[in-house]
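With this note's numbering applied, the sequence shown corresponds to residues 54 to 287, in that order.
Cβ coordinates follow ideal geometry from the N, Cα and C atoms, glycine included.
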Amino acid sequence: MRLNKYIASAGICSRRKADELIAAGNVKVNGAAMREMGYDVKEGDRVEVNGTPIMPEQKKIYIAVNKPYGYVTTMKDEKDRLTVADLVTDIPERLFPVGRLDYNTTGLLLMTNDGDLAYRLTHPKHEVYKTYVAVVSGVISDARLAKLRRGVDIGGFVTSPAKVKVLRQNPRSAVVEISIHEGKNRQVRKMFNAVGNRVMELERISIGDIRLGHMQRGHYRKLTRQEIEYLKSL
């Protein structure tokens, strides 16, 4: 098994993140730092990540979390802020988030120890749409909607066309549903800024066909068998 897949199978992180750990020299095989991305882990090899021996997890866990405001999408934070790991302390398996939500963004976050699935869901080529409901400042005109639907420059990157519709227009704000398949840092906020509307609240309500539903903030649920099969089919 390739080293990055071995690390992902141990529930440490996705394969893409595993490549970063390898490149940084944080992975050892049989006591020596291993920077060879394509190394095949052999039976009897001792693999360590950040000094901790790892082995592939046998039981795969898939959960949906309703991330509250003010939580960091990581398993450990150097500033001692609340993290999504604090929401799943009763699960013994070592999980990691699939993708991320900003500190100020709430809503649906998937967590798992299945590195292969995480890789497929976060790779841009698979074009898994994520849908958000945003409360934005001001009036969002038809011209601004058209720009979002064509794609906008968010600072050296032009976004792919988005699916956008206004749910409610108030005198000084609007509630807008937007779906994108990319995952640049703070992308939705930057897209609305690019057309002149500041995001005041942002919630992710679905990832592909997986929906947040009526789950309370800070709670989680295990994905159904049908939901897991759907994600694996992407």
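C-alpha gap between D206 and I144, whole angstroms: 41 Å
Sequence ranges, beta strand (DSSP E) only - wholly within the segment 252-276, length at least 3: 252-260 and 273-275
Alpha-carbon to alpha-carbon, L163 and P150: 6 Å
Helix, strand or coil at A199 according to DSSP, with G and I counted as helix: helix
Exposure of R245, with buried meaning 16 or more beta-carbon neighbours within 10 Å: Just to set this straight, residue 245 is Phe in the shown sequence, not Arg. Flag for F245 reads buried.
Complete alpha helix (DSSP H) runs within the segment 92-119 (minimum length 4 residues, chain order): Here no run is fully enclosed.
Per-residue DSSP class, three states only, for K81: In this structure, K81 counts as strand in the three-state DSSP scheme.
Backbone secondary structure at I75 - three-state DSSP: helix
Beta-carbon proximity check, G249 vs R225, cutoff 9 Å: no
Minimum C-alpha distance to V211 - residue among S62, K243 and E131: K243
Runs of alpha helix (DSSP H) wholly within the segment 147-176 (minimum 4 residues, chain order): 168-175
Contact the segment 195-204 vs the segment 153-171: 3+ CB pairs below 8 Å: no
Residue from V217, G208 and M268 whose Cα sits closest to the Cα of A187: V217
contact_flag[the segment 169-180, the segment 131-148] where n(CB pairs < 8 Å) is 3 or more: no
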